[in-house]
Every structure is written in C-alpha cells, then in structure tokens.
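Written below as structure tokens is the structure these notes are about.
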Amino acid sequence: MNTKSLTLSIAISAALSIGALTAPMAWAASAKTEMTAMPQVEFNQMLKEALVNNPEILKEAIIALQAHEQNKVKEQQGASLDSNKAALFNNKMDPWMGAENPELTIAYFSDFNCSYCKKIEPLLERLVKEYPEVRVVYKLVPILGPSSKEATDFALTVWANEPAKFAELHKKLMSRPSHLDSSAIEKVSKITDTNEWLDDTADSVEKTIGGNMELMREFGLSGTPALIFADQIVGGLVPYSQLEKQVKAALEAKRNK
C-alpha cells in the first residue's frame, strides 16, 4: 500500500469513528440501512471521493474525535479524584506545609533529584504564604535513581519521628543543583541534626511510597513535578501566574458551593 492509500485509509477510519460518535440517531439508522444494501467497494469509493473533494470533513472529524477523547480522560480523572481523595490529601505519613485547617489542599508529586521540582518549590512556598488557606502535601516519589530512594526514605522517616525538622531538611536536600549522592545526604543529615534516622527507616515508608506511586499510575502522571487539587491536574513546571490563577478559581468554586 502506498503512502497516499495508507493516509486515505486512516482518514476513512477516523471519519467512520466520528460518524458513529456524532451522527443523530435517525440519520444513523437510515445510513446503516443504505450502507448494508450498498456493496462495500462502492461505499468505500464513495467515501474516498467525499473526503478528497471535501477535506474539511476529515478536519472536523479529527477535531471531534480529539474532543471526545479529551472528555473521556476528564471523566476518568474526575472519577479517580472522587475515589482517591483520602489517599491524595489526608495520608498522615505525607509531609505538608501551609494551612493547619486548609480550604484547599494541593497534592504535589516530587522527586529530590528532579530539576523542575527544584524550580517549582519556591513558587509553592510563595503560594502558601500569599494564600494562607492553602496546604501543599508532599507526595514523594523516588523515580530518578537509587539516591532518590535513599533521600525519600530518609525524609519520610524524619517526618515520622521529628516532623519539626522536616522543612529544613527538605529545603537543603532540594537546594543541591545536581543529583544527590549518599555523601550529600549524610552531610544534610548532620547539618539538620537528623543523622540518627539515616539507617533507621520507618516501617511505614515503603507503604507510603508505594501508595504515591500507585496514585501516579492512576492519574496517568509520567513524571514530576505534578500537582492535583480540586478538579485540576497540572503536570510539569508552570509559571506562578498560571498556578495562582488556577488556585484562585478553585478557592472561589469551593466557596460558592
């Protein structure tokens, strides 16, 4: 099959898919009867000619298909948000910063070796200062190598045993511009007086990490940073203006319920 024929075949498949999704029921019933009576070769030729002579049909079909797929994804994500609220926002083993009694909680998936996480952290710190009704929950996911796992085990253990020391520890681990290593993690533990927890990982850590990784899969998150709050899923590094706009909209929506 040459390139032109292959392209046309794909176009036909897309057009047929869209027709099944968007056609009014009465038209669909009539068309089905006509197509059943019409030989397949004749029908295919007619459809080819229609697409060649009216390429806008294909464009509209593709746009409609994309919209349909996007709506399906949003529906699935909405269902996942409803069924995973406790795991996202209320796991006591997840560290957090911001409001003691939040109006809005943001689940923030991050890795200590993620360069984009290091850039979004100051934006999140600014956000909880300017919006004291907001809490950010750290969903630590060690996806960038063994040192990510080592740092995550350590940080979650500190949170479990000495939560007052977590903020300083977290900031110093995140402030390293390059990948962490065991030496750097040990250095931070001494600076923050938390070195007793380096080789004494809390029993709850593996369960917490496993739950966070499962949530990433559930929401189709392919990397860090990623933020989930209200009905929003924000992947990657975004400017503060965009983040603030979405948070303000989410707060307003909650207050107007």
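Just so we're aligned, residue -10 is where the sequence shown starts under the working numbering, counting upward by one.
Quick reminder that beta carbons are idealized off the backbone N, C-alpha and C, glycines included.
On a predicted model such as this, the values are computed, not experimentally measured, just so you know.
CB residue i to CB residue j, shorter than 8 Å?
{"i": "cysteine 103", "j": "threonine 213", "result": "yes"}
{"i": "leucine 77", "j": "valine 123", "result": "no"}
{"i": "threonine 183", "j": "lysine 161", "result": "no"}
{"i": "asparagine 79", "j": "leucine 204", "result": "no"}
{"i": "glycine 209", "j": "tyrosine 105", "result": "no"}
{"i": "isoleucine 174", "j": "alanine 140", "result": "yes"}
{"i": "valine 194", "j": "aspartate 142", "result": "yes"}
{"i": "methionine 163", "j": "lysine 107", "result": "yes"}
{"i": "valine 147", "j": "tryptophan 85", "result": "no"}
{"i": "leucine 116", "j": "aspartate 220", "result": "no"}
{"i": "valine 125", "j": "leucine 113", "result": "yes"}
{"i": "alanine 215", "j": "phenylalanine 98", "result": "yes"}
{"i": "isoleucine 217", "j": "alanine 75", "result": "no"}
{"i": "alanine 149", "j": "alanine 88", "result": "no"}
{"i": "leucine 47", "j": "leucine 40", "result": "yes"}
Buried or exposed for residue i, please, with buried defined as at least 16 other CB atoms from any protein chain shown within 10 angstroms of its CB.
{"i": "proline 131", "result": "buried"}
{"i": "aspartate 83", "result": "buried"}
{"i": "lysine 237", "result": "exposed"}
{"i": "aspartate 189", "result": "exposed"}
{"i": "isoleucine 52", "result": "exposed"}
{"i": "asparagine 201", "result": "buried"}
{"i": "serine 168", "result": "According to the sequence shown, residue 168 is histidine rather than serine. It is exposed - the Cβ of histidine 168 has fewer than 16 other Cβ atoms within 10 Å."}
{"i": "proline 111", "result": "exposed"}
{"i": "lysine 246", "result": "exposed"}
{"i": "glycine 199", "result": "exposed"}
{"i": "alanine 254", "result": "This structure does not reach residue 254, given that the chain is present from -10 up to 246, and the question cannot be answered."}
{"i": "aspartate 100", "result": "buried"}
{"i": "lysine 128", "result": "buried"}
{"i": "arginine 244", "result": "exposed"}
Going by DSSP, what residues sit across from residue i in a beta bridge?
{"i": "phenylalanine 98", "result": "Lys128, Ala215"}
{"i": "methionine 86", "result": "Val125"}
{"i": "valine 223", "result": "Leu216"}
{"i": "leucine 93", "result": "Val123"}
Taking 7 Å as the line, does the beta carbon of residue i fall inside it for any heavy atom of the ligand PLP?
{"i": "methionine 86", "result": "The ligand content of the structure shown is nil, which means the ligand PLP is not present either."}
Count Cβ pairs between the segment 132 to 143 and the segment 216 to 231 that sit closer than 8 Å; are there 3 or more? no
4 or more residues per run - each alpha helix (DSSP H) lying fully within the segment 122 to 196: 135 to 150, 155 to 164, 171 to 180
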